[in-house]
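Peer 1:
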Amino acid sequence: MLRHGSYAAVLLTAATALAAMAPATTVPVASAEAGDVDRLRVMTPADFQARTSVSDDALDRFATLTTTNGFVEHRSFGGHTPDDVFLRAFVEKATGRVSYQVYVTIRYRGNSWAQWDSANYETPGGPQAARVDRIARLRTVCRRGWVCPRSETIGFGVAASVFRQQAERYVPGMLTPWQFKVSARAGSARILMLSTAEIAGMLMAVDTYRANHHLPQS
Numbered sequence: 078m079l080r081h082g083s084y085a086a087v088l089l090t091a092a093t094a095l096a097a098m099a100p101a102t103t104v105p106v107a108s109a110e111a112g113d114v115d116r117l118r119v120m121t122p123a124d125f126q127a128r129t130s131v132s133d134d135a136l137d138r139f140a141t142l143t144t145t146n147g148f149v150e151h152r153s154f155g156g157h158t159p160d161d162v163f164l165r166a167f168v169e170k171a172t173g174r175v176s177y178q179v180y181v182t183i184r185y186r187g188n189s190w191a192q193w194d195s196a197n198y199e200t201p202g203g204p205q206a207a208r209v210d211r212i213a214r215l216r217t218v219c220r221r222g223w224v225c226p227r228s229e230t231i232g233f234g235v236a237a238s239v240f241r242q243q244a245e246r247y248v249p250g251m252l253t254p255w256q257f258k259v260s261a262r263a264g265s266a267r268i269l270m271l272s273t274a275e276i277a278g279m280l281m282a283v284d285t286y287r288a289n290h291h292l293p294q295s
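My numbering puts the first residue of the sequence shown at 78, with every later residue one more than the last.
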């Protein structure tokens, strides 16, 4: 079972073209697109909230919420293994303060590591740069001299105010993507997306967690 990245590829061409005219434009999905994209289109913030996972040990200072199981794809588009994108939120249990992170696994073939180390994301005021944290990397075992499948996982923080703005763009029955671009030291770059329904669902899950644990909602 594969996750998020494929729908970003499906929407990329249309969203990029529309972004030049109106950066926050809603992108409808043509009726010819079926399966996974149609499932994502009808998912609501409540759906993503219900599927948000919570890790909260009594000895942890922070509770971690993730949308990794929010939307699971049954297949990849075009025969390519998709990148994986989801959200994490870290709630400080003593104060209720929250930090948000976009979690990205980028898959590619190469003779060496691409070193994905920078990210920009869209805001109403224009692209915003983010500091990137390297989380993990994996190379599939293959024969000497072959171009091996590799993956690198990175994360970058996004302010809650940005996510609240994006959550307000959610339109039922429409895909309203929030775009970001990740770049590698080796020169590669990819534009990826998250559904605003997923963003809104994460915010709802965080608010519910803090309310259930009597934490401030600031």
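Backbone N, C-alpha and C fix where the C-beta goes; we use that ideal spot for every residue, glycine too.
With three or more beta-carbon pairs closer than 8 angstroms as the criterion, would you say the stretch 186-206 touches the stretch 259-267?
Peer 2: The stretch 186-206 vs the stretch 259-267: in contact.
Peer 1: At the level of alpha carbons, what is the spacing between residue 131 and residue 205?
Peer 2: Looking at the two C-alpha atoms, the distance is approximately 29 angstroms.
Peer 1: Applying the 10 Å Cβ sphere with the 16-neighbour rule, what's the burial state of residue 136?
Peer 2: Looking at its Cβ environment, which holds fewer than 16 other Cβ atoms inside 10 Å, residue 136 is exposed.
Peer 1: To the nearest angstrom, how far is the alpha carbon of residue 235 from that of residue 126?
Peer 2: Rounded to whole angstroms, residue 235 to residue 126 spans 19 angstroms at the Cα level.
Peer 1: Going by the CB atoms, is the gap between residue 229 and residue 263 shorter than 8 angstroms?
Peer 2: No.
Peer 1: For my contact list, residue 278 and residue 147 are in at a C-beta cut-off of 8 angstroms; report their separation, rounded to the angstrom.
Peer 2: Indeed they touch by this definition, with Cβ atoms about 7 angstroms apart.
Peer 1: In this structure, how does DSSP classify residue 285 when only helix, strand and coil are distinguished?
Peer 2: Three-state result, residue 285: helix.
Peer 1: I'd like to know whether the C-beta atoms of residue 142 and residue 275 end up nearer to each other than 8 angstroms.
Peer 2: No, Cβ-Cβ distance for residue 142 and residue 275 is not below 8 angstroms.
Peer 1: Given this structure, state the Cα-to-Cα distance separating residue 273 from residue 281, to the nearest angstrom.
Peer 2: Roughly 12 angstroms separates the two Cα atoms.
Peer 1: In chain order, what residues of the same chain have a beta carbon less than 7 angstroms from the beta carbon of residue 247, not counting five sequence neighbours either side?
Peer 2: Here the set comprises 122, 253, 273, 274, 277.
Peer 1: Check this for me: beta carbons of residue 138 and residue 166, under 8 angstroms apart or not?
Peer 2: No, they are not a contact pair.
Peer 1: In chain order, what residues of the same chain lie with their CB nearer than 8 angstroms to the CB of residue 189, ignoring the 5 residues before and after it?
Peer 2: Excluding residues within five positions, the ones whose Cβ falls inside 8 angstroms are 263.
Peer 1: In chain order, what residues of the same chain have a beta carbon less than 6 angstroms from the beta carbon of residue 129, not counting five sequence neighbours either side?
Peer 2: Around residue 129: 142, 144, 282.
Peer 1: Who are the near neighbours of residue 169 in its chain, counting only those whose CB is closer than 6 angstroms to its CB and skipping five residues on each side?
Peer 2: Once the five neighbours on either side are set aside, the close Cβ partners of residue 169 are 139.
Peer 1: Indicate the three-state DSSP secondary structure (helix, strand or coil) for residue 277 in the structure shown.
Peer 2: Residue state, collapsed to three classes: helix.
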